[in-house]
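In the numbering used here, the protein residues as written are 3 to 280.
Think of the CB as a built atom: it goes at the ideal place given N, C-alpha and C, for glycine as much as any other residue.
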């Protein structure tokens, strides 16, 4: 049997994906998911501006928070930069995947691209997994850009390179896990504009219901209760410990447990919603 091949061709505004079965059927799901992830990367290559939200938005948030709230919250912009950049690193991963995954999947379904996938001998969930895998590139671009820009304005890693790498990997793992929520929303909500609105609004309870902007102790009681169980808050705390020092074991463990839970809950629901819709 011939080697598996995949190709992405573009004619006008349409994209055609050709997939052939791999030599070993046990690897078919992974192979097809990677091939469809490549399709999404080709789209980014041909339209680099589509990744701008993963770069511009986190940098904008960093500048606003540091220079507007830094002196009031931490006494200096540098001290605030040190405590806030690790949190915005997690925010950048959330923002890098939330619009791209949910909205782009909704658009693909409306354009009929997923109807073509149904005619191919591939797993029904491969297009969804491929979309989530392709977001890793968006996470990497966002993380590298934010750390580089943070360094330019004064941020310094106070731990070691391995801990910094662990913070980046933890951010990517959490971002990919949370992406299944955006996939589910993209499958359940039929109107693309509604998907974009709901996904964008969801950032407020997830990202701002944490100690990203101000210490949890200064928040109202009801918001403190949410911040203590918010999975995004645990990941932000873990990244802060890995980048500038502090408690690491508990927040890292909680972040990984939440990541596993998000995949276990939302991935099957997203696949089920996708099958019903297509």
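- For residue 242, the three-state secondary structure derived from DSSP is helix.
- Contact between the region 186-202 and the region 155-169 is absent: fewer than three C-beta pairs spanning the two stretches fall below 8 Å.
- Rounded to the nearest angstrom, the gap between the Cα atoms of residue 204 and residue 184 is 10 Å.
- For the pair residue 144 and residue 56, the CB atoms are nearer than the 7 Å cut-off.
- If you check the CB distance, residue 134 and residue 178 come in under 7 Å.
- The alpha-carbon separation between residue 73 and residue 67 amounts to approximately 10 Å.
- Here the alpha carbon of residue 82 sits roughly 9 Å from the alpha carbon of residue 215.
- When secondary structure is reduced to three states using DSSP, residue 112 falls in the helix class.
- In the structure shown, residue 106 adopts helical secondary structure according to DSSP, grouped into three states.
- Distances from the alpha-carbon of residue 35 to those of 136, 87, 71 put 136 closest.
- When C-alpha distances from residue 105 are compared across 186, 93, 207, the shortest belongs to 186.
- The beta carbons of residue 224 and residue 211 sit no closer together than 7 Å.
- Here the alpha carbons of residue 39 and residue 129 stand approximately 8 Å from one another.
- In this structure, residue 237 lies away from residue 157, with their beta-carbon atoms at least 7 Å apart.
- Our two residues, residue 153 and residue 63, have alpha carbons roughly 15 Å apart in a direct line.
- Just measuring C-alpha positions, the residue of 239, 232, 263, 41 sitting nearest residue 132 is 41.
- Put simply, of 244, 249, 277 the residue whose alpha carbon is nearest the alpha carbon of residue 159 is 244.
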